[in-house]
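Chemist: Numbered according to the numbering used here, the sequence shown spans residues 4 to 311.
Note that the Cβ used here is the ideal one computed from N, Cα and C, for glycine as well.
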Amino acid sequence: SISIDNVTADNVINASESGQTIAVTGQVGNEVKAGDAITVKVGTETYQTTVNTDGKTWSVNVPSSVLAANSDVSATVTTRDTAGNVTTANTSHAYGVDTVAPTASIAIDNVTPDNVINASESGQTIAVTGQVDNDVKAGDAITVKVGTETYQTTVNTDGKTWSVNVPGSVLAANGDISATVITRDTAGNVTTANTTHAYGVDTVAPTASISIDNVTADNVINASESGQTIAVTGQVDNDVKAGDAVTVKVGTETYQTTVNTDGKTWSVNVPGAVLAANGDISATVITRDTAGNVTTANTTHAYGVDTV
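#1: If you measure from the CB of N55, is any heavy atom of the ligand MN nearer than 7 Å?
#2: Short of 8 Å in beta carbon distance, which residues of its chain neighbour D265, apart from the five on each side in sequence? Order them along the chain.
#3: Suppose the cutoff is 6 Å on Cβ atoms and the five residues either side in sequence are ignored; what does the same chain contact list for T132 look like?
#4: Shortest alpha-carbon distance to E228 belongs to which of V308, S67 and V65?
#5: Beta-carbon within less than 7 Å of E124's beta-carbon, same chain only, minus the 5 sequence neighbours each way: which residues are those?
#6: Is G58 helix, strand or coil when you go by DSSP?
#7: Where DSSP assigns a beta bridge to N17, which residues make up the other side?
#8: Inspect the beta-carbon positions of S181 and T302 and report whether they are closer than 8 Å.
#9: In terms of alpha-carbon separation, which member of S4, S67, Q30 and N33 lies closest to V15?
#10: Can you look up E34 in the DSSP assignment and give me helix, strand or coil?
#11: With DSSP as the reference, please indicate the residues paired to P170 in a beta bridge.
#12: Under 8 Å, with one C-beta from each stretch per pair, do the segment 44-61 and the segment 217-225 reach the 3-pair mark?
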C-alpha cells in the first residue's frame with residue numbers, strides 16, 4: 004500500500020510556496036520495503052524516487068510551480084518478493100491551490116480635530132487612529148511610525164478601525180505619520196498596505212495685552228457719577244481679536260464682556276456705586292489661536308473716589 008501526505012501544512016499551495024521546491028512525502032505499508040521504486044505524477048510531470056531506508060516512508064522534490072498548476076498527486080509503488088512476484092499499489096491525493104494575495108488598504112485619521120498639535124496637546128497622550136478595508140481583518144498587525152519612533156497595534160475587533168497611543172511630544176517633534184498593515188489569508192498569502200498622513204504643529208502661544216482707560220474724564224468717581232452707570236473701557240493688542248472674552252473685576256463684583264468688532268477695544272457697564280465702593284479695577288482677556296493655543300493677559304487700573 005502507498006499513501007501521500009498533505010503537500011503543505013494546510014494542504015494548500017499559496018503564492019509564496021508556489022515559488023519553492025516542495026518535498027512531496029508519503030508512507031508505504033504491507034510488504035513494501037526500502038528501495039522499492041515509486042513513481043509520482045503531477046499533471047504531465049513524472050518524478051522517480053524509492054522507499055526510504057526505514058521501509059515505511061518516501062519523499063520526492065517537486066517544483067511548487069508544477070503543484071500550483073495542478074490540484075492532485077498520484078503515486079505508484081512497485082514491490083517484488085524473493086520469488087519474483089510483483090505487486091503495484093496506487094494512490095492519489097487532492098490538494099488546494101490559492102496563489103491570489105488578499106487586498107488591503109489602510110488610512111490614518113486627523114491627529115486632532117483640526118489636525119494640528121498645539122502646546123496643550125503636545126503634553127498629552129494622543130490616540131492616533133485610522134481605518135482599514137478590503138480583506139484586512141480583526142487582529143491583523145499594524146505598525147505606526149512617527150519620526151524615529153515605532154508603535155505596534157492590531158486591527159480592532161470590528162475589523163475596520165485601529166488605534167495606538169502616541170506621546171504628543173513625539174507628534175510635536177515631527178509632521179507626518181506612516182502606518183503599515185499586514186494581512187494574511189487562510190492559504191497563507193500575505194499582503195502589506197502602507198499610507199502616510201501629514202499634520203501641522205503649532206505650539207507657539209499667541210501674545211496678548213490689555214489695558215483699562217480712566218473710569219471718568221478725571222479718573223475720579225464723584226457723588227454724581229456714583230449714582231450713574233459707568234462704561235468701563237479699555238484696549239487690547241497683539242494677537243487678541245474681536246470676540247475674545249474679557250473679565251472685569253471691581254471689588255467682589257465680576258463683569259463679562261468681549262472685545263469689540265474692531266478687535267482693539269472693549270467696554271462693560273459697571274454701576275457707579277460699585278466703583279465708588281472700591282479704588283481699582285482688574286481686567287483679563289483670553290485669546291486662542293487657530294491651533295487652540297491659549298494666552299491670558301491681565302492688567303489693573305487704580306482710580307480715585309471723592310463723593311463728599
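Modeler: This is what the structure holds:
#1: Among the components modelled here there is no ligand, and therefore nothing to report on the ligand MN.
#2: When the five nearest sequence neighbours on each side are left out, the beta carbons in the same chain lying within less than 8 Å of the beta carbon of D265 are those of A245, in order along the chain.
#3: The residues D112 and S166, in chain order, have a CB closer than 6 Å to that of T132 in the same chain once the five nearest residues on each side in sequence are set aside.
#4: The shortest CA-to-CA distance from E228 to any of V308, S67 and V65 is the one to V308.
#5: Around E124: T115 and G171.
#6: G58 falls in the coil class under three-state DSSP.
#7: N17 is bridged to D101.
#8: The Cβ atoms of S181 and T302 lie no closer than 8 Å to each other.
#9: Comparing C-alpha distances from V15 to each of S4, S67, Q30 and N33 shows the shortest one belongs to S67.
#10: Of the three classes helix, strand and coil, the one that applies to E34 here is coil, per DSSP.
#11: DSSP lists T128 as partners of P170.
#12: In short, these stretches do not touch, since the Cβ pair count stays below three.
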